[in-house]
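Inspection log for the structure reproduced underneath, given as structure tokens.
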DNA sequence: AGTGTTCCGATACAAGCGCATCGGAACGAA
DNA sequence: TTCGTTCCGATGCGCTTGTATCGGAACACT
């Protein structure tokens, strides 16, 4: 048997390098040579992992989406007030904002991919799948809260989940443009989620 | 005196070509050659109008921003129910959405420039200036409505204007990704603005 | 140790890019 | 008409891009 490498972990590593490049210089800054340098590997290694540049970009998109979802679940798990559904909702949305200094890069990556997805139906489908998962997560939280009597019963879980996601996206844009501070965005989320309480 | 051309109108014309290219193929699709072809002029003419590509892009950004503002003012002027401040508010936000079929291109252009502005402080400043004008427009409408007794007095005009803009941006993103239809976005705007009524 | 397979680093290459250059067309003033 | 200036279309240049190619290194197995 020949030499073997862990392809999947290498793809993750390269995807991370791609995200850092996008976050700093946008999609235009993603060249195979730069990616290789950022990842600390040679161009040949990158080419072996991904048949073409676009395949690499799609993988990177899914990579950052996965991380957002993970962050959301982590924030729910370590929620400051366990049992409070509105807190869990808020933490999920905070994870989506991804404006926590170190994660601010991810927000720019999200922005770049979303802009591209507005032009490329294939990328749009990837983003929609990601959003579908988040919507479901929020909807479950909302329904749970309604069963517990923590969320006002007249709220429609699905449409409210959509509205919350729309708010998070809008806030992300505003923060990235420097029109909102991180704090004011968080405050807006807090206000919106507490307004759902009974 | 030598041959003279109307530089300003030519710049507008080229900017329009740039917008159409961005709307169809993104910022990556904007090359001097493609711009010249789309505008129906030669590359030399483009180079004469703009010293460099970036200058052209900034001008195009301001071009599309101007058009959004104009559309907003036009929609206010031909408001279906003159005198109704909430209707004017709604029409302004509808203009910002720019998802009216023919304007859907502009929404994609907005998205592309905004993503770029998240990386380039100079572009971010241009966008912030644009938003400042829109915020002021909305705030004036809100204050007028409060003086007329059409808008609930406890609303803070500035922060409410910001919130409305955030909503519009979020909805634009959702529509471009195909997660919201044009109609549901308009409905969301309508609901939000009517909620401000006394 | 030998061998067969997998991997990868370096290089080559065509295409496309932004920009600079320049000779001549276009046009107003004399 | 002639002149002087402005404009522009075509072309060239240096550079970067994504991808293809390939000789040899790296490693598991016999």
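Residue numbers (full-length UniProt numbering), protein chains in the order written: chain A, 1 to 198; chain B, 1 to 198.
Glycine is no exception: its CB is placed at the ideal position from the N, C-alpha and C atoms.
- In this structure, residue 118 of chain B lies away from residue 139 of chain B, with their beta-carbon atoms at least 7 Å apart.
- Proximity of the stretch 98-114 of chain A to the stretch 175-188 of chain A meets the contact definition, three or more beta-carbon pairs being nearer than 8 Å.
- Taking C-beta atoms under 8 Å as the contact rule, residue 171 of chain B and residue 161 of chain B fail to qualify, at a distance of about 16 Å.
- For residue 197 of chain B, the beta-bridge partners assigned by DSSP are B/151.
- In terms of beta-carbon proximity, residue 33 of chain B stays away from the interface with chain A, with every pair separated by 7 Å or more.
- At a Cβ-Cβ threshold of 7 Å, residue 72 of chain B and residue 36 of chain B do not count as neighbours.
- The C-alpha of residue 70 of chain B is placed about 12 Å away from the C-alpha of residue 78 of chain B.
- In this structure, residue 26 of chain A and residue 105 of chain A do not form a Cβ contact; the two beta carbons are roughly 12 Å apart against a cut-off of 8 Å.
- Residue 5 of chain B sits away from residue 60 of chain B, with the two beta carbons spaced by 7 Å or more.
- Three or more beta-carbon pairs drawn from the stretch 30-48 of chain B and the stretch 6-17 of chain B are found closer than 8 Å, and the two stretches are therefore classed as touching.
- Chain order gives the chain A residues near residue 28 of chain B as 27, 28, where near means a beta carbon separation below 8 Å.
- Note on geometry: alpha-carbon atoms of residue 187 of chain A and residue 113 of chain B lie some 27 Å from one another.
- Counting only Cβ-Cβ distances below 9 Å, residue 57 of chain B has no contacts in chain A at all, with the closest Cβ about 12 Å away.
- With respect to the C-alpha of residue 29 of chain B, the residue from B/86, B/109, B/49 having the closest C-alpha is B/109.
- Looking at A/141, A/88, A/10, A/168, the one whose alpha-carbon comes closest to that of residue 47 of chain A is A/10.
- Neighbours of residue 179 of chain B across chain A, judged by C-beta separation under 7 Å: 128, 131.
- DSSP, read as helix, strand or coil, puts residue 31 of chain A in coil.
- Taking 8 Å as the Cβ-Cβ cut-off, the stretch 99-119 of chain A approaches chain B at 107, 108, 111, 112, 114, 115, 116, 117, 118, 119, given in chain order.
- The alpha-carbon of residue 68 of chain B is positioned some 17 Å away from that of residue 141 of chain B.
- Between residue 84 of chain A and residue 143 of chain A, the alpha-carbon positions lie close to 13 Å from each other.
- Annotation: Cβ neighbours of residue 176 of chain A in chain B (cutoff 7 Å, chain order): 118.
- Residues of the same chain with a CB within less than 8 Å of the CB of residue 103 of chain A, apart from the 5 flanking positions on each side, are 71 in chain order.
- Identification of residues in the stretch 150-179 of chain B having a C-beta nearer than 8 Å to some C-beta of chain A yields 162, 163, 165, 166, 167, 168, 169, 170, 171, 173, 174, 176, 177, 178, 179, given in sequence order.
- The beta carbon of residue 95 of chain A sits no closer than 7 Å to any beta carbon of chain B.
- Your pair residue 115 of chain A and residue 111 of chain B checks out as a contact, with CB atoms roughly 5 Å apart and the cut at 8 Å.
- Less than 7 Å separates the beta-carbon of residue 89 of chain B from that of residue 193 of chain B.
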